[in-house]
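Undergrad:
Chains as they are written, first to last, in the working numbering: chain A, 15 to 450; chain B, 274 to 753.
#1: Apart from the five residues on each side of it in sequence, which residues of its chain come closer than 8 Å, Cβ to Cβ, to residue 321(B)?
#2: Which of helix, strand or coil does DSSP assign to residue 291(A)?
#3: Under 8 Å, Cβ to Cβ, is there at least one residue of chain A near residue 746(B)?
#4: With a CB to CB cut of under 6 Å and the five nearest residues on each side skipped, what residues in its chain are close to residue 744(B)?
#5: Relative to the C-alpha of residue 541(B), which residue among 384(B), 461(B), 634(B) and 656(B) is closest?
#6: Kindly list the residues whose CB is nearer than 7 Å to the CB of residue 569(B), restricted to its own chain and excluding five residues on each side of it in sequence; keep chain order.
#7: Taking 7 Å as the limit between beta carbons, can you name the residues of its chain near residue 436(B), skipping five residues before and five after?
#8: Apart from the five residues just before and just after residue 389(B), which ones in its own chain have a Cβ nearer than 6 Å to its Cβ?
#9: Any residues in the segment 334-360 of chain A with a beta carbon nearer than 8 Å to a beta carbon of chain B? Which ones, in chain order?
#10: Would the segment 145-164 of chain A count as touching the segment 185-192 of chain A if we require 3 or more Cβ pairs under 8 Å?
#11: Cα-Cα, which of 288(A), 362(A) and 272(A) is closest to residue 330(A)?
#12: So which residues of chain B does residue 110(A) contact, with C-beta pairs closer than 9 Å?
#13: Helix, strand or coil: which one does DSSP assign to residue 202(A)?
#14: Hey, is residue 397(A)'s beta-carbon within less than 8 Å of any beta-carbon in chain B?
#15: Terminal residues of the continuous alpha helix (DSSP H) containing residue 246(A)?
#16: Please state whether DSSP places residue 404(A) in a helix, a strand or coil.
#17: Cβ closer than 8 Å: which chain B residues qualify as neighbours of residue 381(A)?
#18: List the residues of chain A that residue 464(B) touches, going by C-beta distances under 8 Å, in chain order.
#19: Which chain A residues are close to residue 692(B), counting only those with a beta carbon under 8 Å from its beta carbon?
#20: To the nearest angstrom, how far is it from the Cα of residue 680(B) to the Cα of residue 463(B)?
#21: Indicate the three-state DSSP secondary structure (helix, strand or coil) for residue 328(B) in the structure shown.
#22: Using a C-beta to C-beta distance shorter than 9 Å, which residues of chain A count as neighbours of residue 467(B)?
#23: When the Cα atoms are used, what is the spatial distance from residue 457(A) to residue 343(A)?
#24: Check whether the segment 135-147 of chain A and the segment 161-174 of chain A touch, using three or more Cβ-Cβ pairs below 8 Å as the test.
#25: Taking CB distances under 8 Å as the criterion, tell me whether residue 470(B) reaches chain A.
#26: What's the call for residue 411(A), buried or exposed, on a 16-neighbour Cβ count within 10 Å?
#27: Please go through the segment 526-584 of chain B and give each complete alpha helix (DSSP H) segment of 4 or more residues, from N-terminal end onward.
#28: Report the residue from 457(B), 629(B), 344(B) and 350(B) whose alpha carbon sits nearest the alpha carbon of residue 704(B).
#29: Under 8 Å, Cβ to Cβ, is there at least one residue of chain A near residue 354(B)?
#30: Looking at C-alpha atoms only, which residue of 99(A), 226(A), 235(A) and 244(A) is the closest neighbour of residue 111(A)?
#31: Anything in chain A within Cβ reach of residue 686(B), meaning under 9 Å, just list it in chain order.
#32: Which residues in chain B have a C-beta closer than 8 Å to the C-beta of residue 388(A)? List them in chain order.
#33: Which residue wins for smallest C-alpha separation from residue 659(B), given the options 677(B), 613(B) and 709(B)?
#34: What would DSSP say about residue 734(B), mapped onto helix, strand or coil?
#35: Can you find a heavy atom of the ligand MG that lies under 7 Å from the Cβ of residue 342(A)?
#36: Taking 8 Å as the cut-off, decide whether the C-beta atoms of residue 204(A) and residue 322(A) are in contact.
So, in structure tokens, the structure goes:
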């Protein structure tokens, strides 16, 4: 199969999910599992097409040796998680915009139409290209006015994982969700081929509970942390097979925060940065990869333990949804000393957090409309009280047929459970032991 | 010669009896005359009740204990004031003063009898006896005019006292509204205190478990103590208002233990339509009618003075002289010549008084029209504001509180901010009460004007005074 056919097949396969969706605007969050269906090798050297959980790949049509795509910068209605919708900006009706997936050496012609209420540009973050295509407004080009369509044309000379975003009014446009990932497959891949190739873009937002518009002015207090603009439980799990080689490409266009992404149940090696491939000799095993602001990191691993494995940003506030910090610490307080007095004035008041905050997601307290404060998602053993930049890696024997929404069934004896009194006694454990 | 008396004692007795009858008007009669004025105006609610006899002046009207036996309302308070207020009774006695002048003015001059005895130097001559009677004829002629002046003064006095009845009703109604407002203010201040106490309780508990710095605890404590002072001040304002109403009601001792239950009523849902208010106010004005009556008094007084000045003083009489054994009888007429004193000064004064009353009438009419427009504007403005507070601001504050609770549930804000939002509801309630008080005062004032009285209205400056939360109001910082 020559390269052109590769590309055509890739477009057909990658675009299959998009066939009925004009630019993917109508994609239903969570409707498709976060894995290729079926897994297909469509790029040189048997490289599989990337999967963008909760997202799509940009359709590219080939003409005269060019791959032609179209990005439309536009306002979008976006659901971060059930219960939280945002008035965002993005590309082709979504945030992040479609993943641009090409092969090293591909020349692309990307049309950019501006349907925003202000000018914009597109910067191809990390891509080495002619200066006039770099997209910095005022420096490399004039801004694209509302209603105008610009064309960018350049060659992806280097394989790697990159990003795209505006370089006009960056603070506002990125804060509102304008960003996307770029995957440039090597023409001649080295190393073991991967079976799964995922793209996850991290981002952070400030959306006051009860409001809809992310706040571009915020500098420190971000309360919605996302993978591909989705907060758990809105994030689609990643379904992989035991023994499969899995690649995850992280990109970070957060405003202010780096994200240490921690994996449970496996170790990985960081194989690429946005600067290029890391030599095999320089790689080392880790369980947490730090993805700095404005950078990409690519990790690879081979899971050998079945199960539902959490992976998430390890900054604890980055796995909370919209929780504020404008209140005193209530831990340890006696609610009976407070509630009667306050309830005589505000009957619906109830002191919270005096025994910790872990069970708040299940309390079902009425909250402002269009908000998901403190909410996590349902798990097989109760509520998962994390949100935000959290998702699940589902390692299955048969990933192609596994239900991506189903939970792992633990073999007997492989799950923590309540200790019986007899066992405690036999092992000399006194649960009432006191210390200090 | 037969001696006959100049007048019979029976005629004298009749004259005395008639004059005594004219002077027998009592307090109930004065009250009845004023009540008749209100009855004619279809305002029986302003009828004053007093004991049946002057001798019972210290008695309490029968309806007063009944009205005091249950929680007072505004109409009941007015009834009590009209029955019990002693300033008002004093005003009714002043009608008696005017009536006394009227009766006095209608009495004819008394005849004068002159007796003299002379002993001649000649001892043979008998004792000389002279007897004469003299009567002021010009006084008799002028009597109808004097009576007319006094009658006009009596009419003016009735109108003045009727105006005082209105004043009393208005003052009482306004004082009652003030008591209601101050009671509500006290309740709301107490509610604000409870909010601060709740905040302090929360701060104390958080401090106890080591979650709150002392500065926040101290701030909460300071807010509670400031709010406590505000409650005490509101309590004092209520007590003052009660005493003002007690004065209006004429109550003291055990009778001051009355209570009220009702709150200040909300304003009507729809704005009231007032038509031809200026015309109605002018037509019903006791002040204008009194001034009109005073003009008539001045006019009559001028006429009287002019007549008195031009009419020669005439008196006539008869006299008898007993000389030896015979009576010599004769008569005489005395005529004063109006050459120099023709009452020119008195006439001038009376005419000037007439002019002054006329100008005062016009000035009063102008002021009356302005006052009625002011009152109407105030009723409409305060009514709109009160409805806006009730229908828009209060619900908005309550919505803000509900949303703050949701934000609290979402762990965005603290219990202190919830309580602060609740206090904003209370604050709005306080402003609403003040606006409501202004509205009902304005309504009472407009009613007062349309009933016939425009002076002494306590409309005050426009706009309800801004009620302030206790000085520690901005306490949401605790816990931040």
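From the three backbone atoms N, C-alpha and C, an ideal C-beta is built for every residue, glycine too.
TA: For this structure:
#1: 304, 307, 308, 355, 356, 361, 365 and 438
#2: strand
#3: Reliability fails at residue 746(B), whose pLDDT of 46 lies under 50, so the model's placement of it is uncertain and no value is given.
#4: Bear in mind that the predicted position of residue 744(B) carries a pLDDT of just 41, short of 50, making it unreliable; the figure below should be weighed with that in mind. Hits under 6 Å: 499.
#5: 656(B)
#6: 425
#7: 559, 560, 563, 725 and 726
#8: 403
#9: 336, 337, 338, 340, 341, 342, 343, 344, 345, 346, 347, 348, 351, 352, 355, 356, 358, 359 and 360
#10: no
#11: 272(A)
#12: None at all; the shortest Cβ gap to chain B is about 27 Å.
#13: coil
#14: no
#15: That residue, residue 246(A), is in no alpha helix (DSSP H); it is neither H nor E in DSSP.
#16: strand
#17: 679, 682 and 683
#18: 359
#19: 356, 359 and 360
#20: 26 Å
#21: helix
#22: 355, 358 and 359
#23: Absent from the structure is residue 457(A), since the part of chain A shown begins at 15 and ends at 450.
#24: yes
#25: yes
#26: exposed
#27: 550-557 and 559-583
#28: 457(B)
#29: no
#30: 244(A)
#31: 338, 340 and 341
#32: 683 and 684
#33: 709(B)
#34: coil
#35: What this structure holds is no ligand at all, so the ligand MG is not there to describe.
#36: no
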